[in-house]
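Quick mapping for you: the protein sequence lines, in order, are chains P and A.
Under UniProt numbering, the first sequence has 233 at position 233, and the numbering climbs by one with no breaks.
Under UniProt numbering, the second sequence has 37 at position 37, and the numbering climbs by one with no breaks.
Number of protein chains: 2
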Amino acid sequence: MTDPEGLDTEQQPTQLRVLAQLREMILGGRWGAGDTLPGERDLATELGCSRASLREALRVLEAQGIIDSKPGGRSTIRSRARSAFGSVLELQLALGQYTTPELLNARVAMEMWAARQAATTRRPEHLERFHELLTRMGDPAIPVREFNQLDAEFHALITTSAGNNIVTDLNRGLRAAIELQMVKAYDALDDWWESTHTVRSEHWQIYHAIERHDGELAAALVRSHITNFFKPALDGEGRLF
Amino acid sequence: MTDPEGLDTEQQPTQLRVLAQLREMILGGRWGAGDTLPGERDLATELGCSRASLREALRVLEAQGIIDSKPGGRSTIRSRARSAFGSVLELQLALGQYTTPELLNARVAMEMWAARQAATTRRPEHLERFHELLTRMGDPAIPVREFNQLDAEFHALITTSAGNNIVTDLNRGLRAAIELQMVKAYDALDDWWESTHTVRSEHWQIYHAIERHDGELAAALVRSHITNFFKPALDGEGRLF
């Protein structure tokens with residue numbers, strides 16, 4: 001069967017079949033984290049497909065953070081997922097498939113759980129890192145971009161202290177999806193340092209609650225911190241500030 | 001530059017560039033939900049790449065749930081994301097990139113937030129649907145697979161009632177990633193109906209808490225429900241039952 005441009009329209013089903021075969025091989029335990037897959041030529045022969053179809057399937061697994069591709073056609077299974085979640089969410093927000101309030105509330109959900117959990121599981125090195133981040137964020141000479149990076153790290157540290165990589169990765173993704181909007185919003189402020197007074201103060205409160213093992217307070221503070229900061233977005237039509 | 005198999009190793013950077021260009025077009029608002037992209041031939045010409053490179057980039061966007069591909073080389077922007085999140089997570093669990101307890105606690109995080117929120121936002125049609133599901137799950141003649149499907153729908157309904165599509169989609173994905181393990185675990189039980197007595201009872205309690213606008217109770221019940229059900233997995237080495 002050919003399409004109006006004279007192309008083999010069976011190509012898509014082939015690629016989907018190849019992807020399914022690769023999935024089964026992974027689920028069946030043929031490869032583990034860090035393993036190198038056979039070369040594209042051998043793998044295509046084994047799967048009975050063209051190298052073009054194989055490559056399309058490998059690209060999908062690569063985009064999903066499952067494998068790393070290397071020049072020369074060799075792929076390796078990643079030992080730690082590199083989530084494409086944030087960049088996909090960014091597109092979905094642009095397309096209106098999700099709204100900013102939905103995204104912020106998903107963050108609230110994750111981070112409330114993490115703060116409550118972190119109040120139990122946080123280790124001395126987490127507390128030291130919290131303290132270091134907050135001290136650096138309190139330096140009036142800090143550039144706005146660095147402040148924003150440390151802010152992201154502060155929130156990631158809450159989920160890291162809770163010891164859950166899925167929550168950490170999802171939360172990073174949720175944050176990354178609106179990172180550009182946040183940086184632009186900060187840039188548009190003449191008095192960004194004054195405006196972030198509340199942010200700094202609330203960060204310290206969250207840190208102290210986690211330090212004092214008060215999980216309920218930490219969770220409540222995280223909720224009001226995120227909700228207050230993004231109040232204009234949550235009240236309005238879904239745009240930040 | 002060629003690799004030992006005589007292939008052009010520039011192909012990967014080309015595909016990555018093409019993917020980045022398509023992303024920019026979407027973020028810039030060139031297409032909206034439901035729009036049809038130009039044919040592959042025209043789009044490849046516009047982007048200055050081969051049709052093979054374009055197709056690899058389109059496959060990635062398709063795998064990410066951003067576009068639908070159709071025979072004949074035309075792609076459309078999806079109006080509602082079809083998340084590949086569950087199937088990716090399933091691979092990541094198989095590869096040991098995440099553990100089952102991490103996944104279950106991410107579910108707890110999402111569903112506690114959703115239950116608390118649903119107690120405020122649930123509408124009459126949500127309550128009717130809850131009641132219908134629970135009544136069907138109380139029929140002793142129900143086959144185990146149907147019970148499991150209704151169970152999944154019950155939990156999805158909590159997040160739907162909270163009105164957050166991201167939380168709903170992430171939670172569905174977290175559940176889907178261990179769906180096969182759950183079905184096998186149920187199948188292995190001689191007395192699955194007896195064993196699910198607690199499940200049925202706890203479902204009714206969650207429903208009543210949401211109905212009575214008691215968000216704190218609903219959240220606490222959801223936490224103990226999921227934690228108790230998967231206790232063997234959470235206590236042990238990460239395997240279900």
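A virtual CB, placed ideally from N, CA and C, is assigned to each residue, including glycine.
Span of the beta strand (DSSP E) holding residue i?
i	result
Arg74(A)	74-77
Gly50(A)	Checking the sequence, you will find Ser at residue 50(A) rather than Gly. First-last for Ser50(A): undefined, no H or E at that position.
Ile67(A)	67-70
When you compare the CB of residue i with every CB in chain P, is at least one pair closer than 8 angstroms?
i	result
Thr76(A)	no
Ala44(A)	no
Ala118(A)	no
Asn148(A)	no
Glu102(A)	yes
Ile226(A)	no
Ile26(A)	yes
Cys49(A)	no
Val60(A)	yes
Tyr98(A)	yes
Phe229(A)	no
Ala109(A)	yes
Trp204(A)	no
Met112(A)	yes
Ala52(A)	yes
Ala106(A)	yes
Contact criterion: CB-CB distance below 8 angstroms. Does residue i meet it with respect to chain A?
i	result
Gln64(P)	yes
Gly86(P)	no
Leu170(P)	yes
Ile166(P)	yes
Arg80(P)	yes
Leu91(P)	yes
Arg17(P)	no
Arg55(P)	yes
Met182(P)	no
Gly32(P)	yes
Trp193(P)	no
Leu95(P)	yes
Arg23(P)	yes
What residue does the alpha helix (DSSP H) around residue i start on, and which one ends it?
i	result
Leu189(A)	Neither: Leu189(A) is in no alpha helix (DSSP H) and is coded neither H nor E.
Pro124(A)	124-137
Asp169(P)	165-177
Ile142(A)	Run containing Ile142(A): none; DSSP gives neither H nor E here.
Tyr207(A)	197-211
Pro101(P)	100-121
Arg223(A)	215-229
Ala94(P)	85-94
Mind checking residue i: buried by the 16 CB within 10 Å criterion, or exposed?
i	result
Ala188(P)	exposed
Glu128(P)	exposed
Ser75(A)	buried
His131(P)	exposed
Asn164(P)	buried
Ser224(A)	exposed
Ser69(A)	buried
His126(P)	buried
Leu37(A)	buried
Leu180(P)	exposed
Arg41(A)	exposed
Asp169(A)	buried
Ala109(A)	buried
Glu24(A)	exposed
Indicate whether residue i and residue j have their beta-carbon atoms separated by less than 8 angstroms.
i	j	result
Glu153(A)	Ile226(A)	no
Leu150(P)	Met137(P)	yes
Gln117(A)	Ala162(A)	yes
Leu95(P)	Gly32(A)	yes
Ala177(A)	Glu90(A)	yes
Val222(A)	Trp192(A)	no
Val199(P)	Asn148(P)	no
Thr135(A)	His213(A)	no
Thr159(A)	Ala209(A)	no
Ala106(A)	Val167(P)	yes
Arg80(A)	Ile67(A)	no
- Are the region 47-63 of chain A and the region 26-40 of chain P touching, with three or more C-beta to C-beta distances below 8 angstroms? no
- Task: Decide yes or no for the touch test of the region 207-218 of chain P against the region 163-173 of chain P: beta carbon pairs closer than 8 angstroms, at least 3 of them.
- Result: When C-beta atoms of the region 207-218 of chain P are compared with those of the region 163-173 of chain P, fewer than three pairs fall below 8 angstroms, so the two segments do not count as touching.
- Would you call the region 204-213 of chain P and the region 96-103 of chain P in contact, with 3 or more CB pairs under 8 angstroms? Touching, no.
- Item | Segment contact, 8 angstroms Cβ cut-off, at least three pairs: the region 58-72 of chain P with the region 63-79 of chain A | yes
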